[in-house]
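Student: Questions regarding the structure given below will be posed in turn.
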Amino acid sequence: MKHYYSLNDYHHDIYGKKVYKLSISSGCTCPNRDGTLDTRGCIFCSEGGSGEFSSPSNLSVTQQLEEAKKRVQKKTKSDTYIAYFQPFSNTYGDVEYLRRIYEEAIAPDDIVALSIATRPDCLQDEVLSLIEELSLKKPVSVELGLQTIHEGTARYIRRGYPLKVYEDAVRRLHKIGVHVVTHLILGLPGETKEMMLESVRFVGGLTDGVKLQLLHIIEGTDLCEEYRKGLVRALSLEEYTDILCDAIELLPERVVIHRITGDGAKRSLVSPLWSADKKQVLNYINREMDRRNISQGSRIK
């Protein structure tokens with residue numbers, strides 16, 4: 003039984019086959035790191051900016067794509083890819099520089115689409131115009147790091163913008179016909195299960211896709227310091243799976259669920275250590291979905 007509309011399902015609907023995302027770096031930073039808003043980044047953000055699986059940004063985009071293809075082809079044969087600018091805020095830069103790297107990324111014939119991860123407050127008008135222009139050549143999706151709708155939590159994690167900025171970003175991206183994917187973190191400090199599900203309900207009414215991410219505590223982050231002081235805790239596998247199952251039932255059937263957990267770099271993962279065994283985690287989640295007979299959207303009134 004299919005419990006939710008996965009990214010793999012979506013790609014099969016669009017392309018008729020499995021498509022692999024190639025994680026690459028734009029070399030952009032973030033207003034939470036360059037001093038515009040802060041210099042520390044978000045409380046959970048590592049030095050790699052969630053780009054531990056990308057190639058070094060000192061390589062050209064073309065070189066990064068080739069390296070990423072080699073990594074994928076060690077595991078499986080593939081001839082269809084999405085260029086995915088992953089670490090930090092990949093619209094936070096000079097628009098002509100962005101034009102150059104985006105166009106380089108979509109130039110190969112085997113790249114069928116472009117995916118750009120960024121912040122909702124890094125989408126100036128000239129960047130949106132560029133994205134709209136590129137979307138006429140190949141499909142473009144934009145991933146927005148929201149994490150939570152709750153302003154108290156947002157201040158604690160140093161997100162740096164209010165919820166209305168996210169809402170406006172989604173509206174403007176939809177206006178130019180771009181597929182929007184929203185990142186949510188389940189297990190943020192101080193949030194109850196109901197608070198997390200409120201974020202899921204809200205986002206489900208706006209976004210086209212969602213990434214549901216377990217909170218990882220990574221070495222070298224400010225969150226890790228809080229964890230070692232005993233001020234925060236990580237979810238157990240059972241707790242996370244329970245919240246995840248409820249979240250899926252609250253998401254409309256049209257929303258593509260891109261991720262139901264996440265990959266923390268094992269070398270720097272402090273907690274929860276159970277998340278390092280992805281195969282075991284997914285097996286447990288799938289068994290629990292079967293047991294509970296989970297169906298996406300079944301709890302929407």
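Letter by letter, the sequence shown follows residues 3 to 303 of our numbering.
Positions of the beta carbon are idealized from the N, C-alpha and C atoms, including for glycine.
Treat the numbers as computed from the prediction; the structure is a model and nothing was measured.
Can you tell me which residues form a DSSP beta bridge with His181?
Tutor: Counted from its first residue, the sequence shown places residue 181 at position 179. The partner list for His181 (beta bridge, DSSP) reads Ser143.
Student: Grab the span of the alpha helix (DSSP H) containing Ser137 for me, first residue to last.
Tutor: Indexing the sequence shown from 1 puts residue 137 at position 135. 127–137 is the span of the alpha helix (DSSP H), which, as asked, contains Ser137.
Student: Taking just the CA atoms, how far does Asn92 sit from Ser28?
Tutor: Along the sequence shown, one-based indexing puts residue 28 at 26. Along the sequence shown, one-based indexing puts residue 92 at 90. Taking the straight line joining both Cα atoms gives about 6 Å.
Student: In or out: Glu145 buried (at least 16 other Cβ within 10 Å) or exposed?
Tutor: The residue you call residue 145 lines up with position 143 of the sequence shown. Classification for Glu145: buried.
Student: Quick one: grab the DSSP three-state call for Arg203.
Tutor: Looking up residue 203 in the sequence shown gives position 201. Note: Arg203 maps to helix in three-state DSSP.
Student: Which of the three DSSP states is assigned to Gly51 in this structure?
Tutor: Numbered from 1 along the sequence shown, position 49 holds the residue referred to as residue 51. Residue confidence for Gly51 is low, a pLDDT of 49 falling below 50, so the modelled location carries little weight and cannot support an answer.
Student: Can you tell me whether Val212 is helix, strand or coil according to DSSP?
Tutor: Taking the sequence shown and counting its residues from 1, the one referred to as residue 212 is at position 210. Strand.
Student: Who are the near neighbours of Ser300 in its chain, counting only those whose CB is closer than 7 Å to its CB and skipping five residues on each side?
Tutor: As a working mapping, residue 300 is identified with position 298 in the sequence shown. Around Ser300: Glu251.
Student: What residues in its chain sit with their C-beta under 7 Å from that of Lys195, if we drop five residues either side in the sequence?
Tutor: Position 193 of the sequence shown, counting from 1, holds the residue named residue 195. Excluding sequence neighbours, Lys195 sits near Ile245.
Student: Using a Cβ-Cβ cutoff of less than 7 Å, which residues in the same chain neighbour Tyr17 once the five nearest sequence positions on both sides are dropped?
Tutor: Walking along the sequence shown from the start, residue 17 turns up at place 15. Thr82, Val114.
Student: Closer than 6 Å by C-beta to Arg102: which residues in its own chain qualify, once you throw out the five before and the five after it? Chain order, please.
Tutor: Against the sequence shown, residue 102 aligns to sequence position 100. Excluding residues within five positions, none has a Cβ falling inside 6 Å.
Student: Give the straight-line distance between the Cα atoms of Gly53 and Phe90, rounded to the nearest whole angstrom.
Tutor: Here the question's residue 53 lines up with position 51 in the sequence shown. Here the question's residue 90 lines up with position 88 in the sequence shown. With a pLDDT of 47 at Gly53, under the threshold of 50, the predicted position of this residue should be treated as unreliable, though the coordinate-derived value follows. Approximately 8 Å between the Cα atoms of the pair.
Student: Using 10 angstroms around the beta-carbon of Ile262, count the other beta-carbons present and answer buried if the total reaches 16, otherwise exposed.
Tutor: To locate residue 262, count along the sequence shown from 1; it is residue 260. So Ile262 ends up on the buried side.
Student: The alpha helix (DSSP H) with Ile45 in it runs from where to where?
Tutor: Indexing the sequence shown from 1 puts residue 45 at position 43. It is not in any alpha helix (DSSP H) - Ile45 carries neither H nor E in the DSSP assignment.
Student: If contacts are defined as beta-carbon pairs under 8 Å, then Leu186 and Leu225 qualify, I think. What distance do you get, rounded to the angstrom?
Tutor: Here the question's residue 186 lines up with position 184 in the sequence shown. Here the question's residue 225 lines up with position 223 in the sequence shown. In fact, because the Cβ distance is near 17 Å, the residues do not count as touching under 8 Å.
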